[in-house]
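Chains as they are written, first to last, in our numbering: chain P, 2 to 456; chain W, 510 to 657. Glycine included, C-beta positions come from ideal geometry on N, C-alpha and C. Since the structure comes first, as structure tokens, the remarks are kept for the end.
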Amino acid sequence: MSELIGETESLCPECLKVIPAKKIAENDNVYLEKTCPEHGSYKVLIWRGVADYKNLSSYAPVPSKPGKVAVKKEDIVCPLDCGLCEEHRQHTCLVVLEVTNDCNLKCPICFASANERYHFNPTMDEIRKMYQTAIDHVDDPICVQLSGGEPTIRDDLPEIVRMGKEMGISFIEVNTNGYRLANDIEYLRKLKEAGVDSLYFSFDGLTDDVYMKTCGRNMLDFKLKAIENCREVDMGVTLVTIVSPDINQDQIGDLIKFAKKNIPTVKGIHFQPLSYFGRFPIIPKDENRTVLPDLLKEIERQTKGELTVDNFIPTSCTNVHCDVKSMSVLMEDGSLFPLTHRAMGPPKDTCCIATKTRQEISDLWRYIDEGMDGQEGGEGTWADFIQRARTNYLTISSMPFQDVWNVETERLKGCCIHTVTPDGRLIPFCLFNINSVHGKTLYRHEILEKYATKG
Amino acid sequence: MEAKFSANAKDVMGKRGLKEADIADVVASAESSNRKLSKNGTNLAKKRIGEVTMYAVYDNNGEVQSAYSHRMVLGEPVKTTDEPDISEWTCVHCNEKAIISSANMSYLGVTRTGPALVCPKCGDVWIEEYLATMTIAAAEGLFEKKKA
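Right, here's the structure in full:
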């Protein structure tokens, strides 16, 4: 028994041609089915739970065009003419800016295929231009993630951060493997002083066998040392954890426990189900995929119900099938008290969510600070609860990226996380990275190679 | 008594998203039931309308000076062993001075206490403006904000 529940477009994994795709409900799963006239048919699992898949559409954001787009022409073919264009349906809430494609590791799994083929190390002037592209296309407050490659291999990263802040970027986080930060606390201190607001820190598990699979070497000691150093210099950290049934799916509960123990240095965990783009070890079958509902069920099971599936809601910023988020307060007894629940229903106002998302974190705490002005606390009071929430909270979120097998143009059009390119464009992160089974990308290598340096 | 609204009240209510009809309802209900607090010619009345408890601060001519609201549900007053602080407010129904005490307040499954005005005789509970617009608003905002 199968039912057609939606139609969109996708890409051929062999030739990257844009081809029609159907969403089919079957045995309570949702599949994306597509056929390339030349390379045949593909069917890939995208969701478990048909009712859940449909219900989430009540969280859909009101479509909203970016104020200014870089690509203006007739007869646009999505997603081949990206940059963004006027067909795009969401503003940018996070700008990813790559400052290098070199890395101090060479992991078997890497979305950026770092340390391959060419070296991309933009000059300060080129980085200034990329910041400027963000400023020209995104409304305040602007949030930037400096990424790569491994940004911390650049000795001038503190200057890059300082330049961004001086140009008016509100929030800067650094995406890092933490290796240098474990070994060089003075460098970490310099980043903090330059204005880095937080780290987006890959942390795949609590045993070395996990890192053997994700990084090709033992990394746990470095990871733990990096967190210790962050505590020392008061740098907030979001743990970013790859999730794969073949690697670490059984460690989800322990990772949440670990995060709780390291609050407030650790602000959150972002679970990143393995996407098959860049460097990855296998051609995926459905059993190699963790779709969002799988992840949430594992969180519920492995935390023994401390967090449930219903505590996770779409952010209503990007497409409703792209992400989820929960926020909890760590209570006096060490338990998590979730503040998010699907029973609260979708947000009343899903308009301008991207602006709100950019505002959210800084606003919330300022608001609470003002609200607490001169208030006396005491155990069991609301004032005390708010004080706890201010410092003892944990955000758990997830956004499985799309790869060439499961990509939908519909989701790309609603994307709010965009890579800024040296040629002045903003491109949805997944789309920027997607490659064919032969390693050909639509954007990443095609663009960055033009700006590559020799050596 | 027909509620009237001072310029200040209209301004504050606009900012807090309160409707004149609702606040007029709060005043009318309090006047007919005599359930209100009073001090030096100022009255404080409240009424749960839908998911919100609304408050009106008004004079004896029915002119509203200020209005505010909270979504938390007020529970029982919490007994303390300390000698209670007497407030300047009188519970008009019981003709008793209200005390400054604390009460349970629940929101989306969390119950905590917060300072409140309590009539020692009938046990009715009121939240003062500073609390409703500061701590309670921040707590509610913490939940609400996270929905977006």
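For residue j and residue i, the rounded distance between their alpha carbons
i	j	result
D334 of chain P	D103 of chain P	44 Å
E307 of chain P	S336 of chain P	7 Å
I362 of chain P	P282 of chain P	Any reading at I362 of chain P is ruled out, since the residue's pLDDT is 46, under 50, leaving its predicted position unreliable.
E411 of chain P	N393 of chain P	37 Å
D222 of chain P	G206 of chain P	11 Å
R232 of chain P	S11 of chain P	44 Å
G632 of chain W	V521 of chain W	29 Å
L189 of chain P	G526 of chain W	46 Å
K519 of chain W	R343 of chain P	36 Å
I173 of chain P	T319 of chain P	20 Å
G150 of chain P	T215 of chain P	15 Å
D251 of chain P	Y43 of chain P	29 Å
N56 of chain P	E409 of chain P	19 Å
V438 of chain P	D404 of chain P	10 Å
F430 of chain P	I143 of chain P	16 Å
K191 of chain P	T9 of chain P	47 Å
R155 of chain P	I248 of chain P	30 Å
E626 of chain W	K545 of chain W	For clarity, residue 626 of chain W is Leu in the given sequence; the question names Glu instead. Straight-line Cα distance between these residues: approximately 12 Å.
C37 of chain P	L427 of chain P	28 Å
L340 of chain P	L583 of chain W	20 Å
N604 of chain W	K528 of chain W	30 Å
V139 of chain P	P67 of chain P	8 Å
T420 of chain P	M125 of chain P	18 Å
L95 of chain P	E27 of chain P	35 Å
V19 of chain P	G217 of chain P	35 Å
M510 of chain W	G523 of chain W	23 Å
G650 of chain W	M328 of chain P	13 Å
I532 of chain W	E585 of chain W	24 Å
E194 of chain P	E127 of chain P	23 Å
Beta-carbon separation (whole angstroms), residue i vs residue j, contact threshold 8 Å
i	j	result
D29 of chain P	G50 of chain P	6 Å
K24 of chain P	V31 of chain P	6 Å
L98 of chain P	L147 of chain P	6 Å
V536 of chain W	G571 of chain W	6 Å
N122 of chain P	T454 of chain P	5 Å
V277 of chain P	P285 of chain P	The sequence given here has Tyr at residue 277 of chain P, not Val. So it is a contact: roughly 5 Å between Cβ atoms.
W598 of chain W	A612 of chain W	So it is not a contact: roughly 15 Å between Cβ atoms.
V561 of chain W	Q574 of chain W	Not really, about 20 Å apart at Cβ, beyond 8 Å.
V325 of chain P	F313 of chain P	4 Å
T239 of chain P	F202 of chain P	7 Å
Residues that residue i contacts on chain W, provided the C-beta gap is smaller than 7 Å
i	result
I387 of chain P	T644, A647, A648 and L651
A390 of chain P	L651
Contact set between residue i and chain P, taken where Cβ atoms lie within less than 8 Å
i	result
G503 of chain W	Chain W is shown from 510 up to 657; residue 503 of chain W falls before or after that span and cannot be answered.
V619 of chain W	F338 and F386
Chain-ordered chain W contacts of residue i [CB-CB under 8 Å]
i	result
T5 of chain P	Correcting the residue type first, residue 5 of chain P is Leu in the shown sequence and not Thr. Those within 8 Å of L5 of chain P in chain W number zero; the least Cβ separation is about 32 Å.
Environment of residue i [buried if 16+ CB atoms lie within 10 Å]
i	result
T242 of chain P	buried
E198 of chain P	With the sequence shown as reference, residue 198 of chain P is identified as Asp, and Glu is not the correct amino acid for it. Per the 10 Å Cβ criterion, buried.
N407 of chain P	buried
E301 of chain P	buried
P64 of chain P	exposed
E75 of chain P	exposed
V330 of chain P	buried
R118 of chain P	exposed
D185 of chain P	exposed
V78 of chain P	exposed
R367 of chain P	Low confidence applies to R367 of chain P: its pLDDT is 49, below 50, so where it sits in the model is not reliable, and the reading given next is rough at best. It counts as exposed.
E288 of chain P	exposed
T620 of chain W	exposed
L5 of chain P	exposed
I595 of chain W	exposed
G618 of chain W	exposed
R445 of chain P	buried
Where residue i meets chain P, residues with beta-carbon distance less than 9 Å
i	result
M510 of chain W	By Cβ distance, chain P contributes nothing, its closest Cβ being about 34 Å from M510 of chain W, past 9 Å.
M614 of chain W	W383
Chain-ordered chain W contacts of residue i [CB-CB under 9 Å]
i	result
L12 of chain P	Within 9 Å Cβ-Cβ: nothing; L12 of chain P doesn't reach chain W, min ~32 Å.
Cutoff 7 Å: residue i Cβ touching any chain C Cβ
i	result
T382 of chain P	In the structure shown, chain C cannot be found, because the protein chains are P and W.
Within 8 Å of chain P by C-beta, residues of the segment 520-545 of chain W in sequence order: none
Members of the segment 176-194 of chain P that neighbour chain W once the beta carbon cut-off is set at 9 Å: none
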